Amino acid sequence: MSELVNSQASAIERRLARSLSSTRILAQGVRQHNGVIDQFEIYADEVLKAVGGVSNLQLAPNGVISHIHPIAGNEKAIGHNILKDDHRLKEAMLAINERRLTLAGPFTLIQGGVAVIGRNPVYLPSDKGDKFWGFTSALIYLEDLLKVTDLDSLQERGYSYQLRRPAPDTGITETFARSVSPLTEDSYSVSINVPNATWQLIISRAENVSKWYSYNGYIISVFTALLVAWITRFVLLQPEKLRKEVKEKTQELQQLAYYDHLTGLANRRYLHEQLNIVFKEYSRNQKPAVLIYLDLDDFKKINDSMGHGAGDTLLQKIAIRLKECVRSNDLVTRLGGDEFSILLLNTHSTRDVSRIAKKLIAAVERPVTLESKSFTVSASVGITMIPADGHDANSILRNADMAMYAAKTAGKKRFSFYDQSLQSIAMAKLQLEDDLAIAIKDKQFVLHYQPILTQLTDEVTGYEALIRWKHPDQGLIYPDKFIGVAEETGKIIDIGYWVIKEVCNQIMLRTSNLQPPLRFSINLSPKQFKDTNLLENIRHIMQETGVDGRSLEFEVTESSIMEDIEHTNSTLLQLKKMGASIAIDDFGTGYSSFALLKHLPVDKLKIDKSFITDLETDLSDQKIVHGLISMAHKLHLEVVAEGIETKEQHRLLKQYKCDLGQGYLFRKPVPMDHLQNFIYKPL
Ligand SMILES: Nc1nc2c(ncn2[C@@H]2O[C@H](COP(=O)(O)O[C@H]3[C@@H](O)[C@H](n4cnc5c(=O)[nH]c(N)nc54)O[C@@H]3COP(=O)(O)O)[C@@H](O)[C@H]2O)c(=O)[nH]1
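Going by the UniProt record's numbering, the first residue of the sequence shown is number 1, and it counts up by one from there.
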């Protein structure tokens, strides 16, 4: 239960933190323009899109609301003086006095609905020091905030919940969101830290379910008491018969209390008790153990498409497979939903644990037949070593969960060991997400360009545009540090359009300078490639800038094209119709094949630099690269070798008749003005 409640609470905390960062972005805009509000709607619209989860953004110079976006339905709030509103004054004054963001609410809005408002005080420099300008605020509907949690579906599954806070005026606890059914005694509560308050989330099993469960719990004690009395009375009379009966009854009751009724596996309560024993034992005899946390990937899809009955059957089958993977004295548990754990009591070498984790993942991945259809599911696994990775049952479970999450974010179907850096990584990632939203807003990106040359004559035929982030505090950040998070959060879409537009502007600059027509390559990440507006937006940018499609080349990765071949084919065809050429990036690292490429409208293959790095010394890399070039030529595809760093690599590639090359040997990526009149001159 504690994991369940913690995960819901942290979902709320994270969403709120992200949504409230919008007020900081707005504040930065106000400061940049020295308090003059110009084109607020456009600015606010972009912030809303970048941050997500916010219903409207507001500006209140001197505390009087002057701008709201979107305004529709919020007209009544214009002119409202926050500093004269008794209900809002406390948080507003706190924001001013402590110069920090504060949260007001939840409260019922005049226009209907329950919401919270985050207010960020803005100060502008003046001759007499910083002067209070007003507030930038974000309104977040409670309903939208709670959508990031599973509270609704938990309710359907028999849980109840309440969200509480201390009322700002009286300090008396008030409940501002609750399930239909009331809380039961079997509940667990955690704190949620929000600016200037602490909320409390309490979850319990709802009356009927709880009754059922607690009934079992009570039954254990009541029955045990009765049985003891019974035993005392009769045991002397009919010892053998009764002892047998007592044993059976006790087993039956234990089964109810400690085992999962669907899979027959031990449940979370049992695991907790066993973990406590493991920790106690360790202090006596130093016997380490391992806790593995296993979560099925995309289980929801099976439940949604096949129904809960099929989902239950799947869980039962997986439970049997997991038990088959480990020894009889290891403990396999169903923690709830699609989460399992495995407590290994006699294994502590990381090599053995890795082997078992692989075995568990492989067991889950074997096809399962559900309603005469075959399905394949996968699992992500987190591993904690006891006692190195936690000091008690709760911390071990939480850290194993975190390691499992790391495995999921690394691409699922894999395992990950817990290490303490995961905690700081999680925090740093959150910060990066916030900073990225600001970077998009404030246009903190720049493009560097790397020339692509013909192998035979060393002439420049084009440039690859590579993005860099000019972070105001951290300096130049390379894409490996942020493209992944941008992709995960969807921000890559906005960033990607900025790149395309910037490249088109660059092309037009060069054209007007009468420079030779060259191809400019643009990277499209998988999410960009799937974006349904991609073609329309590229067309629009080309029209707006006047760029001829023949100056553009799009680089797509093997994983993008493999996901949905039909979509790939039609998107690539459309891009080609616009005049652009298509290159498959990082070729050789994914699963695409020449058989597939034959049917796709592709012009070039870019051999991944991992094949080029050891080309001089690694005979198998030489064979692979030579083979790839010959095969590509048979399909009339041009080949670009990436990452050429030495003359010997260059010589070998020429010998293999590789068409084009790119790498530090010729030039590192640099801003375009460093490349004016660039000609490669081999020494
Ligand atoms: N969706 C988008 N992805 C982008 C964009 N810009 C870059 N990227 C992707 O980020 C990855 C890392 O890029 P970067 O750090 O810029 O590295 C590129 C080159 O600097 C590097 N390179 C080139 N030559 C050499 C070399 O000789 N040695 C060496 N060690 N590295 C070299 O390779 C990267 C180019 O990779 P590729 O795209 O595969 O051609 C990278 O995956 C980018 O795709 C963007 O705007 N959008």
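Glycine is no exception: its CB is placed at the ideal position from the N, C-alpha and C atoms. Everything numeric in this text was worked out from a predicted model, so none of it was measured.
### Query
For D494, which option in I477, D531 and V368 has the closest C-alpha, if you only look at C-alpha atoms?
When C-alpha distances from D494 are compared across I477, D531 and V368, the shortest belongs to D531.
### Task
Note the first and the last residue of the continuous alpha helix (DSSP H) segment covering F594.
Per DSSP, the continuous alpha helix (DSSP H) segment holding F594 begins and ends at F594 to L597.
### Task
Using the DSSP secondary-structure output, state which residues sit across from A583 in a beta bridge.
In DSSP, A583 forms a bridge with E555 and K604.
### Query
Distance, Cα to Cα, A92 vs L83?
So the two alpha carbons sit approximately 7 angstroms from each other.
#### Entry: Assumed close pair T136, V122 - CB separation to whole angstroms, cut-off 8 angstroms
Contact flag correct, Cβ pair sits at about 6 angstroms.
#### Entry: 7 angstroms Cβ cutoff met for S153 and S179
Contact flag unset, no.
### Message
Does the distance between the C-beta of V368 and the nearest non-hydrogen atom of ligand 1 fall short of 6 angstroms?
### Response
In this structure, V368 has its CB at a distance of at least 6 angstroms from all heavy atoms of ligand 1.
### Query
Is I96 near ligand 1, in the sense that its beta carbon is under 6 angstroms from a heavy atom of that ligand?
For ligand 1, no non-hydrogen atom lies closer than 6 angstroms to the CB of I96.
### Query
Can you tell me where the beta strand (DSSP E) with F375 in it begins and where it stops?
Run containing F375: K373 to F375, per the beta strand (DSSP E) assignment.
### Query
What does V278 pair with, by DSSP beta-bridge criteria?
For V278, DSSP records no beta bridge to any residue.
### Query
Which partner residues does F340 have in the DSSP bridge list?
Listed as beta-bridge partners of F340 by DSSP are L294 and R334.
### Query
Using the rule of at least 16 other Cβ atoms within 10 Å of the residue's Cβ for burial, across every protein chain shown, is residue 684 buried or exposed?
This structure leaves residue 684 out entirely; the chain is present only between 1 and 683.
### Query
On the three-state DSSP scale, how would you describe I68?
Strand, per DSSP.
### Query
Counting pairs of beta carbons, one from the stretch 353 to 361 and one from the stretch 260 to 275, are three or more of them closer than 8 angstroms?
In this structure the stretch 353 to 361 does not touch the stretch 260 to 275; the number of beta carbon pairs closer than 8 angstroms is below three.
### Message
For the alpha helix (DSSP H) containing L309, name the first residue and the last one.
### Response
Residue 309 is actually Gly in this sequence, not Leu. That run of the alpha helix (DSSP H) goes H308 to C325.
### Task
Indicate, with yes or no, if ligand 1 has a heavy atom lying under 6 angstroms from the CB of residue 692.
Past the edges of the chain, shown from 1 to 683, lies residue 692, and the structure says nothing about it.
### Task
Tell me whether K481 sits in a helix, a strand or coil according to DSSP, three-state version.
It is helical.
### Message
For P168 and R99, what's the separation of their Cα atoms in angstroms?
### Response
Taking the CA atoms as reference points, P168 sits about 19 angstroms from R99.
### Query
Among Y188, E13, I629 and K606, which residue has its Cα nearest to the Cα of I582?
Closest by alpha carbon: K606.
### Query
Which first and last residues belong to the alpha helix (DSSP H) in which M93 is found?
Run containing M93: D86 to E98, per the alpha helix (DSSP H) assignment.
### Query
Any heavy atom of ligand 1 closer than 6 angstroms to the CB of E642?
E642 Cβ: within cutoff of ligand 1.
### Task
Using beta-carbon positions only, say whether V353 and I383 come within less than 7 angstroms of one another.
Their beta carbons are under 7 angstroms apart, which means V353 touches I383 by this criterion.
### Task
Specify the secondary structure class of E185 as computed by DSSP and reduced to three states.
Correct three-state label for E185: coil.
### Message
Measuring only from the beta carbon, is I483 closer than 6 angstroms to any heavy atom that is part of ligand 1?
### Response
Yes - ligand 1 has a heavy atom lying nearer than 6 angstroms to the Cβ of I483.
### Message
Let me confirm a value: Y218 is counted as buried when at least 16 other C-beta atoms fall within 10 Å, else exposed. Which label applies?
### Response
Confidence in Y218 is poor, its pLDDT being 48 and thus under 50, which makes the residue's placement too unreliable to answer from.
### Task
Report the option in M385, D434 and S378 whose CA atom is closest to the CA atom of A407.
Residue S378 is the option with its Cα nearest to A407.
#### Entry: Residue interval of the alpha helix (DSSP H) (run including F529)
Run containing F529: P526 to K530, per the alpha helix (DSSP H) assignment.
### Query
Looking at the structure shown, is T409 part of a helix, part of a strand, or coil, going by DSSP?
Helix at T409.
### Task
Check whether the stretch 285 to 302 touches the stretch 397 to 413, counting contact only when three or more Cβ pairs, one atom from each stretch, lie closer than 8 angstroms.
Yes, the stretch 285 to 302 is in contact with the stretch 397 to 413.
### For P451 and L514, the rounded distance between their alpha carbons
Low local confidence applies: a pLDDT of 46 at L514 is under 50, so the model's placement there is unreliable, with the coordinate-based value given in what follows. The C-alpha of P451 is placed about 18 angstroms away from the C-alpha of L514.
### Message
Need the endpoints of the beta strand (DSSP E) that H471 sits in, please.
### Response
Annotation for H471: the continuous beta strand (DSSP E) segment containing it runs V460 to H471.
### Query
What number of angstroms, rounded off, separates the C-alpha of E433 from the C-alpha of R18?
Their backbone Cα atoms lie some 8 angstroms apart in a straight line.
### Query
What three-state label does DSSP hand E642 in the structure shown?
E642 falls in the coil class under three-state DSSP.
### Boundaries (first-last residue) of the beta strand (DSSP E) holding A388
A388 -> no beta strand (DSSP E), and no H or E assigned at all.
### Task
List the endpoints of the continuous alpha helix (DSSP H) containing D144.
Per DSSP, D144 is one residue of the alpha helix (DSSP H) stretching across L142 to L146.
### Task
Kindly indicate which residue of L665, L597, S559 and N56 has the alpha-carbon position closest to the one of A77.
Relative to the Cα of A77, the nearest Cα in the group L665, L597, S559 and N56 belongs to N56.
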